[in-house]
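Here is the structure we will look at, set down as C-alpha cells.
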Amino acid sequence: MSAGLLLEPASRIEARPLGATFGAELTGFRIAGDVPEAEVAAFRDALHRHGVLLLRGMPNDPGAQVAFSRRLGPLERHSSTTHTHPAHPEIFCVGNVEEPGGLRAHFASGVEQWHADSSFRAVPSAASLFYGAICPPEGGETWFLDAATAYEELPDAMKARIEGLRGVHDLWTLSEWNRRHTPGRPPLPEETRRLLPPMPQPLVRRHPVTGRRSLFLCPAVISHVEGLSAEESRALIEALMAHAAQERYLYRHRWREGDLVAWDNLATLHTATLFDHTRYRRLMFRTTVAGAA
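Below is the structure:
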C-alpha cells in the first residue's frame, strides 16, 4: 500500500500507510461543515480499501461527528443508553469521566477481547468512528487486526474446516464475561436480553462491497460454534485467534487528543489496552454506522 492522492486535484487529501497490510492516515480531510458528497464518497471508498482510517487534529465537536457519521449511513443507538452523550444519543461515551447530572462514560476495568462492534445484532454494524476527547499519556491504546488478510493466509486445511461454520454471538455471554473481569458490574437487564437474543454469525464472512472474506471472531461474545461442543468451540476459536493476532496483521494506535479513527467492522477486529484509571482521565466518543440488511 503506498501513499497517494484520494481526490484530484484541489482537495489534496492524501493517505499514508499505518500498518503493514492495512490502515491509512488521511491528511487534508475535514468532517465539520458542508463536506462535499464527492469527499464523503472518497472517505467511504478509502475505508473499504484500508480498513482503518486515522484523522488527526479534529476539533472536539460531537455534533459534527454525528452529522458526518450519518453521511456514511444510518446510525445505531447503543444498547447501553445510560452511557450515551446527553446532547447526542447517537454517541456512545467510553472512559472514566462522569459529570454530575450529565455525561457518564462507560468504564470497564477488566481486559478486553478482540471483537467487531455489534456482532450480536442480526445485522452487525458496518463501521465505527471513535474520537479521542481526553486521552491518557500512557495506556488506553486501541489495537486493530486485519481480519481479511489473516483469513487469506490461513492454511487451506483450516479454511476447509471452518467453511460454513457459525459462531453464536450472544450479548449475555459478553455481559457475563465482563462481569467476571469487572467486579460490581450489574447483570444484563432481561429486557435487553430479550430484545437482543443469541445470533448465529458465520466464522468467515464476505464483505458486501469489496468481496473479500474475513474472520469474524469475537471470543468473549461467541458462546459456542454450532455443531461443536463448548470445549471444541473454545479450542477452535483459540486456534483461529492465535493465527489472526500475529504481529503482521496488527496496527496499534496510540491516541492523541483530537484523533478520529474510523474502522470497517466488516473487515477488521479491534481491542483496547488498560490504562491507570486512578491517575488519568479518558473520554472517547463512538458513533456506529448500522449494517445494511
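Residue numbering for the sequence shown follows the working numbering, starting at 971 and increasing by one per position. Quick reminder that beta carbons are idealized off the backbone N, C-alpha and C, glycines included. All values reported here derive from a predicted model rather than from experimental measurement.
Let me know if Val1195 comes out buried or exposed under the rule of 16 or more other beta-carbons within 10 Å of its beta-carbon.
buried
Under the three-state reduction of DSSP, which class applies to Val1036: helix, strand or coil?
helix
Roughly how many angstroms separate the alpha carbons of Leu1165 and Ala1011, rounded to a whole number?
33 Å
Is the region 1084–1097 close to the region 1253–1261, with three or more CB pairs under 8 Å?
yes
Can you grab the Cα-Cα spacing for the pair Gly974 / Val1022, in whole Å?
Confidence in Gly974 is poor, its pLDDT being 45 and thus under 50, which makes the residue's placement unreliable; the coordinate value appears in the next sentence. So the alpha carbons of these two residues sit roughly 16 Å apart.
Could you check whether Asp1116 and Thr1238 sit closer than 8 Å to each other, using their CB atoms as the reference points?
yes
Mind checking Ala1120: buried by the 16 CB within 10 Å criterion, or exposed?
buried
Nearest-angstrom Cα distance between His1053 and Ser1145?
15 Å
Tell me the DSSP secondary structure of His1223 in three-state form.
strand
Please return the same chain residues whose Cβ sits closer than 7 Å to the Cβ of Gly1033, not counting the five positions on each side in sequence.
His1058
DSSP three-state label for Trp1233, please.
strand
Quick check: the region 1218–1227 against the region 991–999, are there 3 or more CB pairs under 8 Å?
yes
What are the partner residues of Thr957, as DSSP defines its beta bridges?
With the chain covering only 971 through 1263, there is no way to say anything about residue 957.
Just tell me which of Arg1175, Glu1082, Val1081 has its CA closest to the CA of Ile1132.
Arg1175
State buried or exposed for Thr1112, treating a residue as buried only when at least 16 other CB atoms are found within 10 Å of its CB.
buried
With a Cβ-Cβ cutoff of 8 Å, do Leu1173 and Leu1135 count as a contact?
yes
For Trp1084, which three-state DSSP category applies?
coil
C-beta atoms of Gln1171 and His1213 nearer than 8 Å
no
Taking 8 Å as the cut-off, decide whether the C-beta atoms of Met1254 and Tyr1101 are in contact.
yes
Where does Val1138 fall in DSSP's three states?
strand
State buried or exposed for Ser1050, treating a residue as buried only when at least 16 other CB atoms are found within 10 Å of its CB.
exposed
Can you tell me where the alpha helix (DSSP H) holding Leu1115 begins and where it ends?
Unbroken run through Leu1115 is the beta strand (DSSP E), 1112–1116; no alpha helix (DSSP H).
Less than 8 Å between the beta carbons of Ile983 and Phe1038, yes or no?
no
Take every Cβ of the region 1142–1162, pair it with every Cβ of the region 1072–1082, and state whether three or more of those distances are shorter than 8 Å.
yes
When the Cα atoms are used, what is the spatial distance from Ala1130 to Arg1183?
14 Å
N-terminal and C-terminal residue of the alpha helix (DSSP H) that Arg1175 is part of
Looking at the DSSP string, Arg1175 is not in any alpha helix (DSSP H); the run it does join, the beta strand (DSSP E), is 1174–1176.
Status (buried if at least 16 other CB within 10 Å, exposed otherwise) for Thr1143:
buried
Spatial distance of His1018 from Leu1187 (CA atoms)
19 Å
For Ala1103, which of Ala1008, Gly989, Asn1066, Glu1160 has the nearest alpha-carbon?
Asn1066
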